[in-house]
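Asker: For what it's worth, full-length UniProt numbering labels the leading residue of the sequence shown as 1, then goes sequentially.
All residues carry an ideal CB built from backbone N, CA and C; glycine is no exception.
Next up is a structure, given as structure tokens.
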Amino acid sequence: MFELEIRAESRLVTNNIDLFKKQAEEYLKSLPTSFNNDEDFLRAEEDIKDLKTLEARTKSAIEAVINGSADISAVIDTATKIAEEFRQARLTRERLVKSRKEDIRNELIATASANILAFIGVLNFDNSVIKAIERIYNKSAINGRLEQALKNKRTISGADKAVHTECTLIKEEITQDATKYSESLKTIPDDKLYLFPDIVNLLVSNEDITDILDTRLKDEAERQAKLKETQENKQTVSAPAPEPVPEPVAPVVVNQEPAPDKEQFLILINLNCTLEEAQAIAKSLKDKYMNVRLKKSQ
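As structure tokens, this is what we get:
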């Protein structure tokens, strides 16, 4: 590693400030600013250590100069600027390394999380089972587990391996839970599913569906019995009372007197009217009685 050399008595004796400056500039330009794998980060961490060493040695050389002259001051000024450049390069590098590592961790988590959610999206189970899985393995919960898996992982390869392992484990757990929920759901007859509007909550809570089914079937039977009783009571109250059946009445025998004998009579009517009026009267009588004759009186 190159190093600044300054020796002074009452005047500047020797220095390599020009060479040192040139070497410093070339070194700073050679430092990479892109980090994508473990080798890049290892190189960056070594560079940071070197920069810190160069900064410290440069400051030590400056502090070692006593009773400086004008020449010494010029050398010290240049050396001080170079030391500051080392410091700034080191700080920048530390920020870049930290930021890039965080970006890579976030990218690993985002990719794995999307992969798990896509896996849930193609599961072939009942809709209630899928909803229960989505509630447990939501994006926030998945990301939390992946972040936990990345703790204390200092290398990119180590972080990638940890995320891949956790992703595989989560998928296996999802399949196991979905199968378990599906088996629980099968214990409920199709015509009794209406008794379980909270089926998703029950699946998530891992409660015993069989015990709950027995209880709800019993409650439903009691409810139906009460409903039937209520309906029957309503029908009894609203039905009209039957009409009384009339008792048979004995026929009343009426003593009838024998009808009198019929005889022939002749009624003569004198009318003072016109012929047409007389004919009309005769016709009306003829319609009611037989043998009606119209004759002009003498």
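Does the region 102 to 116 come close enough to the region 71 to 83 that 3 or more CB-CB pairs lie under 8 Å?
Answerer: no
Asker: Only counting runs of 4 or more residues, tell me where the alpha helix (DSSP H) segments fall wholly within the region 179 to 212, in order along the chain.
Answerer: 199 to 205
Asker: For Tyr-137, which option in Thr-175, Glu-107, Ala-89 has the closest C-alpha, if you only look at C-alpha atoms?
Answerer: Thr-175
Asker: Is it the case that the region 152 to 171 contacts the region 35 to 51, given that we only count it when at least three CB pairs across the two stretches are under 8 Å?
Answerer: At 8 Å Cβ cutoff, the stretches touch.
Asker: How many Å lie between Asp-160 and Lys-131 at the Cα?
Answerer: 30 Å
Asker: I want to know whether the region 52 to 65 touches the region 107 to 114 - three or more CB-CB distances under 8 Å.
Answerer: no
Asker: Rounded to a whole number of angstroms, what is the C-alpha to C-alpha distance between Glu-85 and Glu-26?
Answerer: 12 Å
Asker: Could you spell out the range, first to last residue, of the alpha helix (DSSP H) harbouring Ser-128?
Answerer: 127 to 136
Asker: Is DSSP giving Asn-124 helix, strand or coil here?
Answerer: coil
Asker: So, with DSSP's three-state summary, where would you put Asn-233?
Answerer: helix
Asker: For the alpha helix (DSSP H) containing Arg-145, list its first residue and its last residue.
Answerer: 139 to 149
Asker: With a threshold of 16 other CB atoms inside 10 Å of the CB of Val-122, please say whether the residue is buried or exposed.
Answerer: exposed
Asker: In or out: Tyr-194 buried (at least 16 other Cβ within 10 Å) or exposed?
Answerer: exposed
Asker: Give the secondary structure of Asn-115 by DSSP, where H, G and I count as helix, E and B as strand, and everything else as coil.
Answerer: helix
Asker: When the Cα of Lys-59 is compared with those of Glu-45, Leu-42, Asp-47, Lys-81, which residue comes out closest?
Answerer: Lys-81
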